[in-house]
Every structure is written in structure tokens, then in C-alpha cells.
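Q: There's a structure below that I have some questions on.
In the numbering used here, the protein residues as written are 311 to 733.
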């Protein structure tokens, strides 16, 4: 593959900056490598503190002032712009790159990302076609592009790229299972259950010896109300992993999510015979007791589970839910929810229940809004959280903010409708 100035020449010009050399070396290794480990790093330039990022950008621009056709600098600066969400600048840089090296699929993949960021269906279609032409069998690259397209609203290109990835499945080894699992997670995250289901099933077909593939597929099916299908998936997992306590616990979780606490209890009891001290066994029992409104028993069970797994955020979350249901348990519920957030600050439902308690129990609407905003930031589809934010602003006398929140929620609903339109 032809190059402009070599990496060595660039680094010679910038001999005093080891960080700059590292940034360029990483970029080139990502760009030209073909092994699967390197491909997984596509688009993940080493995380830098803001001052370091600004210094790297300044140095890369200096290189480009001296040598506008330096491919390594174009690619590295483009990555930094993508990381910062400046897709217009990134697109310009990658376009300059493909003008020099039009046969490099990695640059076209980044142009897909830029097109998504700019809501540019034409640009996305062009970049996707080039990727497909230049690297038709590069699973890692196509999975990355399909994930970038997921939920974008650029439906035609999204569908095309997803089908490209799925068409590659028959030619993969068991190692390909992890790629399809990642793809399924992308589409699960944007609430596209049909594509998520297909991807997770492909992961199982390729790699039936990984428990997590079954769990993810079953959870998607259960969330869509396909309880029987979810139970069948977990039954096959139990048959495949008969001595796995984790599989039994997950089977119980699926039954519980489906509204079958009695069947969940059967799975929990089977799991307990395998390992009675496994924290998940006690956590599942506590959740079953919670579903059966046996709140004091649930609290005691979850306390035992927390002693075995003090870093498990979900145990603290369900303890908060149990205390919330008791007559004088508001403060203890808040305490457990806060502890859960310390352990896992990304769980939208924890923010939601904290906001709900501050709204309904403490009538502290300002604090409620702070938590509820965090919830909808992580899960924009949480209608109850949006409604509570609107009501909180009204009670604070801030009608303009209430109206703004209503407009924001309507926009989210409209975008969701576009994403979920028939494909």
C-alpha cells in the first residue's frame, strides 16, 4: 500500500514529542493491521486527558501544514475529531485521506460514522458501498459500521449493512460468535429487537459453548413478551450447561421478568443445590420474594446476598426497591439506591427510582429533576421519567422548562417511530 511521508519521517520532524509518536503509531497500526485484535480497536484512539488531546491535535495540524498529504496525520486527527463528536471536521479529513488512498476500507468506515453523526444518508450510502466493495468479508469492520448505523434513522443503509454482516455468518468460526454478540447488543441498546434477536442467534449458532449468548437472546425475547421463546432458549442453555449455577440463575431471572415467580423459584432451588452460597442464588430469591410482596423476607435475603457480594450494584438496587415498599423505609431505600449508584453509575432505573422517591415522598422537586434528567439521559424512552420532570418543573413554577421538556419528549417519540418503522 503506497504511503505519503512515512511514519519515521513524520516522527523525525517531531522528535521531541513521544506522545505524538505514540498517537501516530497507534493510528497506523489500526489502519493497516488485519488481525482481529487490532480490528477491535478501530475507532478507539487511546483515551487522553483534554490537555493531551489538544496538544496532539495541535501537533497533527502542524504536520499537515508541512505535508497536507500525510496519511497518518490525516487519519489520527480524523479519529480525534470523531471522538470529540466533530463529524464535519472528521469527514473533511477522511475525505482527504480517501482521495489519496481510495482503497482503504478503514477510512470509509469512519466516513460511515461521520455520515451518521451528520444525519447524511447519501454520504452513509456511498461510504457503505465502498466498504462492501473493498472489504466484503471483513467481519470486524462491518460489525463496527453496523453498530454505528444502529438507531441512526438512516434505515436503508442500516438494513444493507446489517444484512452484509449476517451474510458473513456461515463462513465464520466459533470466534465469530463474540462479534455477533456485540452486534446484538448494539441493536438491543437502540430497541431494535428483531435485529438483536437475529444477531444473538447467530452468536449461539457459531459459539454454542458461551453461556452469555443464550442469556442475551433470552432477555431480548422476554422483553418483547415472547416468554415461551425465551424459556425455550434458557431450557437449551440449561441442557447445554447442566452444572452451571449461573445458567440456572439466569433461567430464573428470565422467568421472573416474564411474570412467573413460581417457575423462577423452581430454577432458584435448582441453582441452590449446585451452589447455595452463590450470590446470584440469594439475589434471585430476594427478587422473587419482592415480586411476591414478601418485603421483609426480601430485605433479609438481599442483606445476606450483599454480604457475599458487597460490590454488586443490582443487590443494592433491589434492596432499595424492597425498603421502598415498607411503611417507613424511604430513607433506607434512598441509602441503598445511592449505594447502587456508587457501584454502577450508569443504571437508568436507579436514577429513576431516586427521582421518584424525591418527587413523591420528599416533595423535593429540584433534586428529583436532577436524578430524573440522569435517567432519561441514559434511557430516553422512559416516559414516566419525562412526565415526572414536566410535573416537577410545573410545581417549581418553571412552566417554560416544563414546556421544553414536553417538546423534547415528543421529539424522542418521533425519532423512535422512525427507527421502528418497517424496514
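Ideal Cβ placement from N, Cα and C applies to all residues, glycine included. A quick note: this is a predicted structure, and the numbers were derived from the prediction, not measured.
Which class does residue 584 belong to by DSSP, given the choice of helix, strand or coil?
A: Numbered from 1 along the chain shown, position 274 holds the residue referred to as residue 584. In the structure shown, residue 584 sits in a helix (DSSP, three-state: H, G or I).
Q: Just the C-alpha distance for residue 436 and residue 470, rounded to the nearest angstrom, thanks.
A: As a working mapping, residue 436 is identified with position 126 in the chain shown. As a working mapping, residue 470 is identified with position 160 in the chain shown. Straight-line Cα distance between these residues: approximately 12 Å.
Q: Can you list, in chain order, the residues of its chain with a C-beta nearer than 6 Å to that of residue 706? Leave out the 5 residues immediately preceding and following it.
A: The residue labelled residue 706 in the question sits at position 396 within the chain shown. These residues qualify, in order along the chain: 675.
Q: Looking at residue 712 and the ligand ADP, is the gap between the Cβ and the nearest heavy atom below 6 Å?
A: Of ligands this structure carries none, so the ligand ADP is not represented either.
Q: Please determine, among 565, 533, 466, the residue with the shortest C-alpha to C-alpha distance to residue 601.
A: As a working note, residue 601 is residue 291 in the chain shown. The option with the nearest alpha carbon to residue 601 is 565.
Q: Does the beta carbon of residue 660 sit closer than 7 Å to a beta carbon anywhere in chain C?
A: Looking at the structure shown, chain C is missing, and only one protein chain is on hand.
Q: Alpha carbon to alpha carbon, what distance is there between residue 429 and residue 463?
A: Stepping through the chain shown from its first residue, residue 463 is reached at position 153. Stepping through the chain shown from its first residue, residue 429 is reached at position 119. The straight-line gap from Cα to Cα measures roughly 8 Å.
Q: If you follow the alpha helix (DSSP H) that residue 643 is part of, which residue opens it and which one closes it?
A: Residue mapping note: residue 643 aligns to position 333 of the chain shown, counting from 1. Going by DSSP, residue 643 is part of the alpha helix (DSSP H) stretching over 640 to 653.
Q: So, helix, strand or coil for residue 596, using DSSP?
A: As a position in the chain shown, residue 596 is number 286, starting the count at 1. Residue 596: helix per DSSP, three-state reduction.
Q: How is the alpha helix (DSSP H) around residue 561 delimited, first residue to last?
A: Position 251 of the chain shown, counting from 1, holds the residue named residue 561. Going by DSSP, residue 561 is part of the alpha helix (DSSP H) stretching over 555 to 567.
Q: Report the three-state DSSP secondary structure of residue 501 (helix, strand or coil).
A: Indexing the chain shown from 1 puts residue 501 at position 191. Note: residue 501 maps to coil in three-state DSSP.
Q: Tell me the DSSP secondary structure of residue 704 in three-state form.
A: Start at 1 with the first residue of the chain shown, and residue 704 comes out as number 394. Reduced to three states, the DSSP call for residue 704 is helix.
Q: Which runs of the alpha helix (DSSP H) fall wholly inside the segment 450 to 524 and span at least 4 residues, in chain order?
A: 465 to 477, 486 to 499, 503 to 516
Q: Between the alpha carbons of residue 528 and residue 538, how many angstroms are there, rounded?
A: For this step, residue 528 is matched to residue 218 along the chain shown. For this step, residue 538 is matched to residue 228 along the chain shown. Cα-Cα distance, rounded: 10 Å.
Q: Can you give me the Cβ contacts of residue 630 inside the same chain, cut-off strictly under 7 Å, excluding the 5 residues immediately before and after it?
A: Within the chain shown, residue 630 is the residue found at index 320, counting from 1. For residue 630, where only same-chain residues beyond five positions count, the Cβ hits under 7 Å are 643, 646, 647, 650, 663.
Q: Answer yes or no: do residue 557 and residue 543 have a C-beta to C-beta separation smaller than 7 Å?
A: In the chain shown, counting from the first residue as 1, residue 557 sits at position 247. In the chain shown, counting from the first residue as 1, residue 543 sits at position 233. Contact: no.
Q: So, at 8 Å on beta carbons, what are the nonlocal neighbours of residue 415 in its own chain, with the 5 sequence-adjacent residues on each side left out?
A: As a position in the chain shown, residue 415 is number 105, starting the count at 1. Only 440, 441, 444, 445, 448, 451 meet the Cβ criterion.
Q: If contacts are defined as beta-carbon pairs under 8 Å, then residue 700 and residue 712 qualify, I think. What distance do you get, rounded to the angstrom?
A: Counting from 1 along the chain shown, the entry for residue 700 is found at position 390. Counting from 1 along the chain shown, the entry for residue 712 is found at position 402. With a Cβ gap of about 5 Å, residue 700 and residue 712 count as contacting.
Q: Between which two residues does the alpha helix (DSSP H) holding residue 405 run?
A: Here residue 405 refers to the residue found at position 95 when the chain shown is read from its first residue. First-last of the alpha helix (DSSP H) with residue 405: 397 to 410.
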